[in-house]
Amino acid sequence: MKQIQLIFILLIITKPLFAQDLKTVNKGVLYVSPNTLMTVLGSFDNKNMAQYENNGEVLFKGNFNNDWITTFNTSLEGYTRFEGSTSQEIKGSKIIDLKKVKFANSSTQPAFRLYGTAVFNDQVDFSKGILNSDDYGGMVVFTQNAAHINTSNDSHVDGQVYKDGSTAFLFPVGDKNFFRFASMSDSGQTTASYAAKYYFENSDPLFPHSSKASNIDLIDNTEYWTFDKINGTDVLLTLSWDENTTPSLILTQPLELIHIVRWDSTQQQWIDEGGAVDINQKTVTTSVNVSGYGTFTLARIKDNNTGDLIIYNAVSPNGDNYNEYFFIDGITKYPNNKVTIYNRWGIKVFETENYDSKGNIFNGYSQGRATIAKDNSLPDGTYFYTLEYEIPNLSGNSQFIKTAGYLYLTKQ
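So in the working numbering, spot 160 of the sequence shown is number 160, and the numbers just go up one at a time.
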């Protein structure tokens, strides 16, 4: 015998003189069943003490307001589409908790004005229209399993974005109609939380570019990011560049001299966080986990490193005695060193000190944390390495070199 669930709903629809002003008001319980499409032509208002649960598909053509509960069943569809023909307001005194979301509005930017707190728990499709939270006091949160697609100059978040959970994440941030992402590596902690924001502004008035570490040559004077850790472990940070926003002086050859720099509030100067450049993706990644948080941007460093290492970034442990392991020619002269290797998702798969001194080499096998089984053969592909090593000099002082890059693993 089928069980019948009774749901009590008090839903008021008011229709004024003009159809585009149609308003839907929920004062009770509104439940959208699986495999059901509900279209709201005008504005939607979920009143105080009301509950709206979407387990099907709901299309909002107008504004959205939530003053009590929006929810969904995690095992069901819960698809929400904001697809108006004029700019849409998304607001409310309570959290707007959504599962799968699509933003598609081709009206004048910003197409979406976020006044409330929107929490995304699944895939967000930034099909068309900028979600502006910066100018309206809103907040955007991506939870552990949330992700996004189709971000572009025409569709992203203009404002700060929070990311909760352990997974690596690309922040869909931008400013002044430019999408300029930052991304972070896997944190390894489900309780971790981070936040990022992009500014298409010169950081010099707030953080003087004249105050910088001696190895920094030139600092990006048109843009910067903020990246903050609310809770969790330290991570790798990746910043992007774009010829439309990044100064041409930063993007001169050799591009390998582009690093990420951070304003250190204690030292009151910009410091070098290192950099591994991916020319194809137009990104720079810190050489090691960031040493602090706050304000970051791109910079060119002086080409005056004194190391004499040669790094061979092809690894093919197939028994032919060529490239059998990650070989760093000359590393044994600098025993105070540390090598760390990450996979494409930012998960650490190998780490050792005094590399190549006692068989501690990377030959395609994991020695990472519990999420990657130790001693398991890793799949073919591109990996990211960081190397720190100390170079002593005759004066008794030492110089620490940080470098990073990509290595390519194949068993063939």
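Glycine is no exception: its CB is placed at the ideal position from the N, C-alpha and C atoms.
Keep in mind that this is a model prediction, so the values were computed, not measured.
Beta-carbon spacing of residue i, residue j below 7 Å
{"i": "Y408", "j": "N363", "result": "no"}
{"i": "N150", "j": "D125", "result": "yes"}
{"i": "S87", "j": "A111", "result": "yes"}
{"i": "G232", "j": "A168", "result": "no"}
{"i": "L239", "j": "I260", "result": "yes"}
{"i": "N336", "j": "E390", "result": "yes"}
{"i": "F200", "j": "E223", "result": "yes"}
{"i": "V140", "j": "S133", "result": "yes"}
{"i": "V290", "j": "T386", "result": "no"}
{"i": "Y293", "j": "D228", "result": "yes"}
{"i": "I90", "j": "F64", "result": "yes"}
{"i": "N323", "j": "A314", "result": "yes"}
{"i": "Q268", "j": "K212", "result": "no"}
{"i": "F178", "j": "T245", "result": "yes"}
{"i": "T24", "j": "F44", "result": "yes"}
{"i": "N35", "j": "A50", "result": "no"}
{"i": "N46", "j": "G78", "result": "no"}
{"i": "G274", "j": "A404", "result": "yes"}
{"i": "W225", "j": "Y198", "result": "yes"}
{"i": "K61", "j": "L41", "result": "yes"}
{"i": "L340", "j": "E351", "result": "Reading off the sequence shown, one finds Thr at residue 340, where the question assumed Leu. Result yes, Cβ atoms of T340 and E351 sit closer than 7 Å."}
{"i": "D67", "j": "G92", "result": "yes"}
{"i": "R180", "j": "G188", "result": "no"}
{"i": "D135", "j": "K100", "result": "no"}
{"i": "L22", "j": "T39", "result": "no"}
{"i": "L76", "j": "Y52", "result": "no"}
Best match in the options for proximity to residue i [C-alpha to C-alpha]
{"i": "A415", "options": "S316, K102, S152", "result": "The question about residue 415 has no answer here: the residues shown for the chain are numbered 1 through 412."}
{"i": "N215", "options": "Q88, V161, K302, T297", "result": "K302"}
{"i": "T332", "options": "D154, Y355, L378, Y312", "result": "Y355"}
{"i": "F72", "options": "P335, E57, F64", "result": "E57"}
{"i": "E243", "options": "I96, G159, P205, L298", "result": "L298"}
{"i": "D158", "options": "D308, L98, Q109", "result": "Q109"}
{"i": "K163", "options": "H148, T352, S316", "result": "H148"}
{"i": "S316", "options": "G381, T286, N376, K61", "result": "G381"}
{"i": "D278", "options": "K338, D45, F384, F44", "result": "F384"}
{"i": "S166", "options": "T74, P205, Y194", "result": "Y194"}
{"i": "T300", "options": "I311, D220, E351, G359", "result": "The question names Thr, yet the displayed sequence has Arg at residue 300. The shortest C-alpha separation from R300 is found at D220."}
{"i": "S210", "options": "Y198, W263, A196, T190", "result": "W263"}
{"i": "T190", "options": "Q144, D217, E388", "result": "Q144"}
{"i": "S85", "options": "F120, Q123, K128", "result": "K128"}
{"i": "K414", "options": "P247, D217, L170, S152", "result": "Because the chain spans 1 through 412 in this model, residue 414 falls outside it and cannot be assessed."}
{"i": "I311", "options": "E388, Q253, I258", "result": "E388"}
{"i": "A276", "options": "S203, Y406, L76", "result": "Y406"}
{"i": "I271", "options": "L218, P254, I250", "result": "L218"}
{"i": "Q281", "options": "L170, T266, S203", "result": "L170"}
First through last residue of the beta strand (DSSP E) which encompasses residue i
{"i": "P392", "result": "381-392"}
{"i": "A111", "result": "From DSSP, A111 is part of no beta strand (DSSP E); its letter is neither H nor E."}
{"i": "I258", "result": "258-264"}
{"i": "L59", "result": "57-60"}
{"i": "G294", "result": "294-301"}
{"i": "D278", "result": "276-278"}
{"i": "L409", "result": "398-409"}
{"i": "T39", "result": "37-40"}
{"i": "R81", "result": "79-82"}
{"i": "S240", "result": "237-240"}
{"i": "Y312", "result": "310-312"}
{"i": "N231", "result": "224-231"}
{"i": "I90", "result": "88-91"}
{"i": "T332", "result": "Run containing T332: none; DSSP gives neither H nor E here."}
{"i": "S183", "result": "182-184"}
{"i": "T117", "result": "117-120"}
{"i": "D320", "result": "It is not in any beta strand (DSSP E) - D320 carries neither H nor E in the DSSP assignment."}
{"i": "Q412", "result": "First-last for Q412: undefined, no H or E at that position."}
{"i": "Q123", "result": "123-128"}
{"i": "L249", "result": "First-last for L249: undefined, no H or E at that position."}
{"i": "T283", "result": "283-285"}
{"i": "N48", "result": "That residue, N48, is in no beta strand (DSSP E); it is neither H nor E in DSSP."}
{"i": "N289", "result": "Counting along the chain, N289 falls outside any beta strand (DSSP E), and DSSP gives it neither H nor E."}
According to DSSP, residues forming a beta bridge with residue i
{"i": "V173", "result": "V157"}
{"i": "K348", "result": "Y342"}
{"i": "E53", "result": "Y31, T71"}
{"i": "D135", "result": "In the DSSP output, where bridge partners are listed per residue, D135 has none listed."}
{"i": "S377", "result": "Y365"}
{"i": "Y162", "result": "V141, A195"}
{"i": "K100", "result": "Y79"}
{"i": "S152", "result": "S155"}
{"i": "I271", "result": "R262"}
{"i": "N105", "result": "BP columns for N105 are empty, so no partner."}
beta-carbon residue i near the ligand ZN non-hydrogen atom, thresh 6 Å
{"i": "V261", "result": "This structure does not include the ligand ZN; it has no bound ligands of any sort."}
Please give me, in chain order, every unbroken run of the beta strand (DSSP E) with length at least 3 that falls completely inside the stretch 189-221. 193-199, 216-219
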